[in-house]
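What follows is a single structure, written as structure tokens, with notes after it.
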Amino acid sequence: MVVDTNIKGTANVLRHFVPLMIEKRHGIIINLSSGWGRSATAEVAPYCASKWAIEGLTRSLAKELPPGLAAIALSPVVVNTDMLNSCFGSSVALYQTTETW
């Protein structure tokens, strides 16, 4: 599921929007990544791998885009989620939950 959402979902959006952006000759593609897209941790390997894929895809795409277009991967703040809680336990209480956002 995480691969379908994070990798295939991003690729499908790019497949549809990049040609339109190239036609207009301007735009910025912003893909959402994660700190785990630049590091790794136990018990969430599929998530880490999917975010590494987003990082690589975005960096490669940025090099392929014509002038006037850009692609970047953003890593938002740490959010208190079930997945984060499963890795770090009660220490995640310091971070805001998804409901707060």
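For the sequence shown, our numbering begins at 107 and goes up steadily by one. We put the beta carbon where it would ideally sit given N, CA and C, even for glycine.
Mapping DSSP to helix, strand and coil, what is residue i?
{"i": "residue 133", "result": "strand"}
{"i": "residue 171", "result": "coil"}
{"i": "residue 155", "result": "helix"}
{"i": "residue 187", "result": "coil"}
Can residue i and residue j be called in contact, C-beta distance under 7 Å?
{"i": "residue 140", "j": "residue 114", "result": "no"}
{"i": "residue 143", "j": "residue 129", "result": "no"}
{"i": "residue 136", "j": "residue 176", "result": "no"}
{"i": "residue 203", "j": "residue 186", "result": "yes"}
Shortest alpha-carbon distance to residue i belongs to which of the options?
{"i": "residue 120", "options": "150, 163, 131, 151", "result": "163"}
{"i": "residue 206", "options": "196, 183, 193, 189", "result": "183"}
{"i": "residue 165", "options": "200, 138, 147", "result": "138"}
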